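This report concerns only the one structure given below.
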Amino acid sequence: MLSIRNLQAGVDGKTILKGLSLEVKPGEVHAIMGPNGSGKSTLSHVLAGRDGYDVTGGEVAFDGKDLLGMDADERARAGVFLAFQYPVEIPGVSNKVFLKAAVNAVRKHRGLDELDAMDFLKLFREKLKLVGMPEALANREVNAGFSGGEKKRNEILQMALLDPKLAILDETDSGLDIDALRSVADGVNALRSPERSMLVITHYQRLLDYIVPDFVHVLVDGRIVRSGGKELALELEERGYDFIREQVKRGQVGA
Amino acid sequence: MTAWLDTLRDEARQAFETEGWPTTRLEAWRNTQVKALTSVDWRPADGQATGALAARIAAVALGDVAARLVLVNGRFVPELSRTDDLPAKITVGPLSEHLDRVEGQLGRVAPAKGNPFVAWNTGMFRDGALVHVAAGAVIDKPIEIVVATTAGQAPSVGHARVIVRADRHSQVTLVERTVDTSEGDTSEGDTSEGDDAAATLTNAVTEVAVGEDAIVRHIKVQSEARQACHVAYVGASLQRGGRFDSFVLSNGARVGRAEVQVTFAGEGGQTDLRGLYVGQGDQNLDHVTVVEHAVPRCESRETYKGVLGDKAVGSFQGTVLIREGATRSVAHQLSRTLLLSRDAIANTKPQLEIDNDDVTASHGATIGQLAEDAVFYLRSRGLDERTSRALLTYAFTREILDAIPVPELAEAQRRIALARLGEDLPHEEA
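Chains as they are written, first to last, in our numbering: chain A, 1 to 255; chain B, 1001 to 1430.
Given below as structure tokens:
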């Protein structure tokens, strides 16, 4: 599904990802954990195709295709979805109009008929139910005046509607209280399927209590320095990132 | 006509002789391509109201109005106007037949002195439109005023004069719009370029007298042909407790200018001035507002937005004067301009002159491009770049379009905005 090989990328001449490799198979949920500044956001942005990052080495294959050669919107239509850490407020654009346009852009790419207003409404309501979002909220302008939890829920609603093959959740737990976190995680779990892979990027282990990953990777200074099962997250929580950094220094783990 | 009017016109002509054309050295004209207006030997437009023009007007006219008044080259055209279904207590018609109602208003709300184009209009206008709403009358449906200037062999100027008098406790909404008179098949949203016909200049002056506790809403739609010139002055004088809300929507003309001037003559007045200008090609769209707080407890709010692409030049210059005695005044002003191309130019200049301490005032001006994080957000959901940018541009204009108090007009303006940005732009289904 996703194959990252020796990825090197940075911004403004500063290298942030220093040779990152990762294999994600269909249906797998991989957590990427790391301290601030380790390159987590850069990884999610580079995968989603945000402008302003220089990829200086390595390659990324998605479904066997060269992901890095595609524009952000092409990647989205091909099935890559990024749930933003900070979803953007867009006053003046109706959330529903935006989502219908997005759904149809993706459907068109997949060779499916575009949905008309009635069919979209049906799908929309079904997905609202799945993520537990009130329709009145979803009908407002995109994220405008939404609380932190509402914005994150709107991200999951979008993910449900766009039905991606690969979902990247960038710090989806940031700014959420435990109730909101639980409800967002419920939405994500409902979307787990054997065809859909997920990359869950997070600083804290807390989210992984609710979205239980198949694999956990520790990102330090632009490289994955340790990989393991879900128990690695607990170890990190207990011993902290400094423990891993020390191990890296001593050459006990790492790239 | 009458003796007072003769005197007024003489004075206006004298003022024009003395002051001459404005130049960009005058602060209020700094951003207008004045030479394009003043270097032309304008002849009075004298074309007739043809069937083609009637069709043009019909194509843009509102369906549901209390009355429609059509001025062609400044002359009231009864055949094109609709005044047969008037509500009670309202008088509309040719200005020339109702001069008795406007003595003391005509030429006072829009003074010739210091305003050369107003002086020119006052000296030259041949007729005009009158709307007089009697005390206590509330007119629900809008009154539409259509202003057309026809092209001829030589460059042609039409002087349109509109007088609105709203007596105490009355309420009325006016839509004053231009019509594209160029040859060829054009609709309002698609103003033509490169037409061979000689230039036209519409020089429009609108004087609004808002009585005590009366409410007047005035929406000006400037959608002239792309080779036309348009200069407009909208003056309003408000008695105690009066309210004047203004919209200026500009997307036509090569050189277009609209000045809105509001004077509070009685306490407790309110005004809300909004504007939206969308410039493309080599358009020059200039907007000026002047609000004078001369008495206590009045409130003014202004929001102007501009969208400028290609090599368009757009400007907003807003002056708020708060005089010494105008205590407890409230004045807020906001100007936002969106630049869609590197060659577009925006000028904004807020100017607040406050002569007492007991006021609440603010102003803000931004000039910027589309937020790239918003573009990326939309693209990351599968919308292509062009659609993403167009959708965000449309969103920028919505604040003004959605506030238009005539639903039919608001909808038509939204459709025009969408059509300009791309036929397939996602939008609400009506």
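All residues carry an ideal CB built from backbone N, CA and C; glycine is no exception. Bear in mind the structure is a predicted one, so any value in this text is a computation, not a measurement.
Buried or exposed: which applies to residue i, given that a residue is buried once 16 or more other Cβ atoms fall within 10 Å of its Cβ?
| i | result |
| --- | --- |
| G79(A) | buried |
| K14(A) | exposed |
| R1161(B) | buried |
| W1004(B) | exposed |
| N154(A) | buried |
| L1418(B) | buried |
| R1165(B) | buried |
| E171(A) | buried |
| M118(A) | exposed |
| L1421(B) | buried |
| L191(A) | buried |
| T1191(B) | Caution is warranted here: a pLDDT of 45 is assigned to T1191(B), below 50, making its placement in the model unreliable, and the coordinate value is therefore given only provisionally. Burial call: buried. |
| N189(A) | exposed |
| E1017(B) | exposed |
| I16(A) | buried |
Between residue i and chain A, is any beta-carbon pair separated by less than 7 Å?
| i | result |
| --- | --- |
| G1382(B) | yes |
| S1085(B) | This sequence places Asp at residue 1085(B); Ser is not what is there. So no, D1085(B) is outside the interface. |
| S1426(B) | Note that residue 1426(B) is Pro in the sequence shown, not Ser. It does; some Cβ of chain A falls within 7 Å. |
| L1391(B) | yes |
| Y1377(B) | yes |
| A1417(B) | no |
| R1398(B) | yes |
| A1403(B) | no |
| D1245(B) | no |
| A1374(B) | yes |
| A1036(B) | no |
| A1395(B) | yes |
| R1420(B) | no |
Counting only C-beta atoms, is residue i closer than 7 Å to chain B at any point?
| i | result |
| --- | --- |
| A78(A) | no |
| R107(A) | no |
| L7(A) | no |
| I90(A) | yes |
| V184(A) | no |
| L82(A) | yes |
| V97(A) | yes |
| V216(A) | no |
Roughly how many angstroms lie between the CA atoms of residue i and residue j, to the nearest whole one?
| i | j | result |
| --- | --- | --- |
| N36(A) | G222(A) | 11 Å |
| A167(A) | I156(A) | 10 Å |
| S1187(B) | T1181(B) | Here the model assigns S1187(B) a pLDDT of 45, short of 50, so the residue's position is not dependable, and the following value carries that caveat. One C-alpha to the other measures close to 10 Å. |
| R1441(B) | V1313(B) | Residue 1441(B) lies beyond the stretch modelled for chain B, which goes from 1001 to 1430, so this question has no answer here. |
| I4(A) | E238(A) | 29 Å |
| W1120(B) | F1316(B) | 24 Å |
| E28(A) | P194(A) | 8 Å |
| T1173(B) | A1028(B) | 28 Å |
| E141(A) | T56(A) | 38 Å |
| D209(A) | A233(A) | 9 Å |
| R1240(B) | L1276(B) | 29 Å |
| D116(A) | L1340(B) | 32 Å |
| P1087(B) | R1068(B) | 13 Å |
| R50(A) | V1307(B) | 25 Å |
| H1363(B) | S1081(B) | 41 Å |
| V1262(B) | A136(A) | 40 Å |
Can the beta-carbon of residue i be found closer than 7 Å to that of residue j?
| i | j | result |
| --- | --- | --- |
| V1131(B) | V1092(B) | yes |
| E89(A) | N143(A) | yes |
| T1178(B) | S1223(B) | yes |
| T1150(B) | T1202(B) | no |
| M1124(B) | H1159(B) | yes |
| R1398(B) | G92(A) | yes |
| V218(A) | M33(A) | yes |
| R1254(B) | A1214(B) | no |
| Y1233(B) | V1118(B) | yes |
| H30(A) | L169(A) | no |
| A1390(B) | L1425(B) | yes |
| V1175(B) | I1219(B) | yes |
| V106(A) | L162(A) | yes |
| R1336(B) | T1366(B) | yes |
Determine the chain D residues that contact residue i at a beta-carbon separation under 7 Å, and present them in chain order.
| i | result |
| --- | --- |
| A1058(B) | Absent from the structure is chain D; the protein chains it does hold are A and B. |
Tell me whether the segment 1029 to 1044 of chain B and the segment 1389 to 1402 of chain B touch, counting them as touching only if at least three CB pairs, one residue from each stretch, are closer than 8 Å. Under the three-pair Cβ rule at 8 Å, the segment 1029 to 1044 of chain B does not count as touching the segment 1389 to 1402 of chain B.
Quick test of the definition: if touching needs 3 or more C-beta pairs under 8 Å, does the segment 1238 to 1253 of chain B touch the segment 1283 to 1295 of chain B? The segment 1238 to 1253 of chain B, when compared against the segment 1283 to 1295 of chain B, does touch it at the 8 Å Cβ threshold.
Taking contact to mean at least 3 C-beta pairs separated by less than 8 Å, is the segment 62 to 71 of chain A in contact with the segment 1335 to 1348 of chain B? Segments in contact, no.
The segment 1398 to 1409 of chain B touching the segment 114 to 128 of chain A, judged by at least three CB pairs closer than 8 Å: Between the segment 1398 to 1409 of chain B and the segment 114 to 128 of chain A there are fewer than three inter-stretch CB-CB distances shorter than 8 Å, so the stretches are not counted as touching.
Segment contact flag, the segment 1350 to 1364 of chain B with the segment 1317 to 1327 of chain B, C-beta cutoff 8 Å, min 3 pairs: In the pairwise beta carbon analysis, the segment 1350 to 1364 of chain B is classified as touching the segment 1317 to 1327 of chain B: at least three pairs are separated by under 8 Å.
Indicate whether the contact test is met: 3 or more Cβ pairs, each with one atom in the segment 1012 to 1031 of chain B and one in the segment 1102 to 1117 of chain B, closer than 8 Å. Contact check between the segment 1012 to 1031 of chain B and the segment 1102 to 1117 of chain B: three or more CB pairs, one atom from each, fall below 8 Å, which counts as touching.
Touching by the beta-carbon criterion (3+ pairs, under 8 Å), the segment 1057 to 1064 of chain B and the segment 1136 to 1147 of chain B: The segment 1057 to 1064 of chain B makes contact with the segment 1136 to 1147 of chain B: 3 or more CB pairs, one atom from each, lie closer than 8 Å.
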